[in-house]
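**Q**
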Amino acid sequence: MKGHPVYAAAADRSHWPDYPFTARWFTHAEGRQHYVDEGTGPPVLMVHGNPSWSFVWRHLIAELRDAYRCIAPDLLGMGLSDRLARPLPALLAGYQIAALDDLVRHLTGEHQVPRHGWTVVAHDWGGPIALAWACLNAELVDRVVVLNTAVFRFPQQGLPPWWFRLLRLPVISTLAAHHTPGWVQGAVRLGVTTPLPPPVRRAFTAPYRRPRDRAAPARFLRDVPLTRRDPGWALLTVVERMLPALERKPMLVGWGMRDPVLRPVLADAWQRRFPHARVLRYPRAGHYVLEDARAQLIPAIRQFLDSTGERR
Numbered sequence: 006m007k008g009h010p011v012y013a014a015a016a017d018r019s020h021w022p023d024y025p026f027t028a029r030w031f032t033h034a035e036g037r038q039h040y041v042d043e044g045t046g047p048p049v050l051m052v053h054g055n056p057s058w059s060f061v062w063r064h065l066i067a068e069l070r071d072a073y074r075c076i077a078p079d080l081l082g083m084g085l086s087d088r089l090a091r092p093l094p095a096l097l098a099g100y101q102i103a104a105l106d107d108l109v110r111h112l113t114g115e116h117q118v119p120r121h122g123w124t125v126v127a128h129d130w131g132g133p134i135a136l137a138w139a140c141l142n143a144e145l146v147d148r149v150v151v152l153n154t155a156v157f158r159f160p161q162q163g164l165p166p167w168w169f170r171l172l173r174l175p176v177i178s179t180l181a182a183h184h185t186p187g188w189v190q191g192a193v194r195l196g197v198t199t200p201l202p203p204p205v206r207r208a209f210t211a212p213y214r215r216p217r218d219r220a221a222p223a224r225f226l227r228d229v230p231l232t233r234r235d236p237g238w239a240l241l242t243v244v245e246r247m248l249p250a251l252e253r254k255p256m257l258v259g260w261g262m263r264d265p266v267l268r269p270v271l272a273d274a275w276q277r278r279f280p281h282a283r284v285l286r287y288p289r290a291g292h293y294v295l296e297d298a299r300a301q302l303i304p305a306i307r308q309f310l311d312s313t314g315e316r317r
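With the numbering used here as the guide, the letters of the sequence shown map in order to residues 6 to 317.
So this is what it looks like as structure tokens:
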């Protein structure tokens with residue numbers, strides 16, 4: 006895999022704005038996983054969604070790394086990580102939870118990352134993955150930050166729009182998300198309310214130029230659980246039942262209210278489930294809330310981390 010274009014890109018990051026971080030790798034049985042590991046202090050685990058990669062965390066890492074150990078993996082099959090062998094796992098999210106646990110164990114066992122005191126930050130599909138890991142390891146987790154994600158079954162009034170439900174059909178997802186860059190390029194345009202500069206847009210989509218690079222994003226689309234027939238339904242039901250493990254953890258919710266897929270009612274659902282959570286709603290921000298509301302949200306996350314949890 007040394008000749009793979011994602012590794013060539015990893016060697017020269019000058020064309021990715023505000024992403025000067027050293028490339029690090031952890032080898033799973035299925036292949037190498039790329040991750041960012043910056044700073045010192047209490048660990049902050051940042052898990053991206055679909056179709057995204059660790060680039061989405063670049064500004065948050067820059068803000069936190071003076072006082073926190075920022076860990077931002079690229080999910081297997083995504084970003085700069087190895088592509089997964091076909092056929093892909095039947096439930097990609099469940100597969101990623103196990104891989105995330107392996108990475109954390111590697112970091113705490115061999116790279117002096119503190120075992121306790123973790124903050125989990127999750128966006129989009131990173132929510133079910135990261136929060137499932139957090140529930141299973143609640144004794145290691147001090148606090149949680151969630152950004153435009155759902156880890157419970159969608160309320161009827163919060164279902165994604167018809168076009169997204171259509172996009173999940175196997176034939177359409179294969180055409181629109183796998184064989185063509187439509188989903189990847191569309192997400193980075195529709196997911197913000199203020200258009201991203203072209204270099205930033207290119208960086209978001211850089212790892213997904215070829216059809217084989219888009220296999221995991223296409224699979225994640227099909228796994229979105231909206232009905233009992235969907236692959237992710239059982240996982241989401243289990244994660245939903247585990248959420249009480251986090252009910253005493255300080256929680257910050259940052260929500261872009263103009264998300265075209267994850268509707269504003271889901272922010273209310275987080276507030277109902279976690280009455281103690283601080284819920285920040287950004288009326289002019291879209292799905293990529295860290296892009297549209299960067300100036301307000303990133304300082305709020307820093308203040309939340311500085312004022313909660315135990316220093317170890």
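Just so you know, even glycine gets a beta-carbon here, dropped at the ideal spot from N, CA and C.
Being a predicted model, the structure only gives us computed values, none of them experimental.
Determine the DSSP secondary structure at Gly131, reduced to helix, strand or coil.
**A** In this structure, Gly131 counts as helix in the three-state DSSP scheme.
**Q** Between Thr27 and the rest of its own chain, which residues show a CB-CB distance below 7 Å, the 5 nearest in sequence each way excluded?
**A** Taken in chain order, the list of residues that qualify is empty.
**Q** Taking its Cβ as the centre, do 16 or more other Cβ atoms sit within 10 Å of Ala272, making it buried, or is it exposed?
**A** With 16 or more other Cβ atoms within 10 Å, it is buried.
**Q** Comparing C-alpha positions only, which one of Pro94, Ile102 and Asn153 sits nearest to Leu257?
**A** It is Asn153 whose Cα lies nearest to the Cα of Leu257.
**Q** Which of the three DSSP states is assigned to Thr313 in this structure?
**A** Of the three classes helix, strand and coil, the one that applies to Thr313 here is coil, per DSSP.
**Q** Quick check on the burial criterion: 16 or more other C-beta atoms within 10 angstroms. Buried or exposed for Ala90?
**A** Exposed.
**Q** Under 8 Å between the Cβ atoms of Leu226 and Trp167?
**A** Not in contact: Leu226 and Trp167 (Cβ atoms no closer than 8 Å).
**Q** Could you give the C-beta distance for Trp123 and Pro48, rounded to a whole number, given that I count them as a contact under 8 Å?
**A** Yes, they are in contact, since the Cβ atoms of Trp123 and Pro48 sit about 5 Å apart, within 8 Å.
**Q** Which of the three DSSP states, helix, strand or coil, is assigned to Glu245?
**A** In the structure shown, Glu245 sits in a helix (DSSP, three-state: H, G or I).
**Q** To the nearest angstrom, report how far apart Ala127 and Ala34 are at their CA atoms.
**A** Rounded to whole angstroms, Ala127 to Ala34 spans 25 Å at the Cα level.
**Q** Of all the options Pro249, Val284 and Tyr293, which has the alpha carbon lying nearest to the alpha carbon of Asp264?
**A** Here the closest residue by C-alpha is Tyr293.
**Q** Which class does Glu43 belong to by DSSP, given the choice of helix, strand or coil?
**A** Glu43: strand per DSSP, three-state reduction.
**Q** Give me the Cα-Cα distance between Arg233 and Ala239, rounded to the nearest whole angstrom.
**A** Cα to Cα, Arg233 sits roughly 8 Å from Ala239.
**Q** Suppose you measure from the CA of Trp21 to the CA of Thr210; what does that come to, to the nearest Å?
**A** So the two alpha carbons sit approximately 11 Å from each other.
**Q** Report, in whole angstroms, the separation of the C-beta atoms of Gly259 and Thr198, which I expect to be a contact under 8 Å.
**A** Contact flag wrong, Cβ pair sits at about 15 Å.
**Q** Locate the beta strand (DSSP E) running through Tyr287, then write down its first and last residues.
**A** Where Tyr287 is concerned, the enclosing beta strand (DSSP E) stretches over Arg283 to Tyr287.
**Q** So who's on the other strand from Ala194, going by DSSP bridges?
**A** Correcting the residue identity first, residue 194 is Arg in this sequence and not Ala. Answer by DSSP bridge pairing: none, since Arg194 is not bridged.
**Q** Starting from Pro212, follow the beta strand (DSSP E) in both directions and report where the run begins and ends.
**A** Run containing Pro212: none; DSSP gives neither H nor E here.
**Q** Among Asp87, Trp62 and Asp23, whose alpha-carbon lies nearest the alpha-carbon of Ile303?
**A** Closest option to Ile303, Cα to Cα, is Trp62.
**Q** Just checking my contact of Val270 with Pro160 at CB under 8 Å: how many whole Å lie between their CB atoms?
**A** Between Pro160 and Val270 the Cβ distance is about 6 Å, and since that is below 8 Å, they are a contact.
**Q** Who are Arg37's beta bridge partners in DSSP?
**A** BP columns for Arg37 point to Thr32.
**Q** Alpha carbon to alpha carbon, how far is Val41 from Leu85?
**A** Whole-angstrom Cα-Cα distance: 11 Å.
**Q** In chain order, which alpha helix (DSSP H) runs of at least 4 residues are fully inside the segment 59–129?
**A** The qualifying runs are 63–69 and 97–115.
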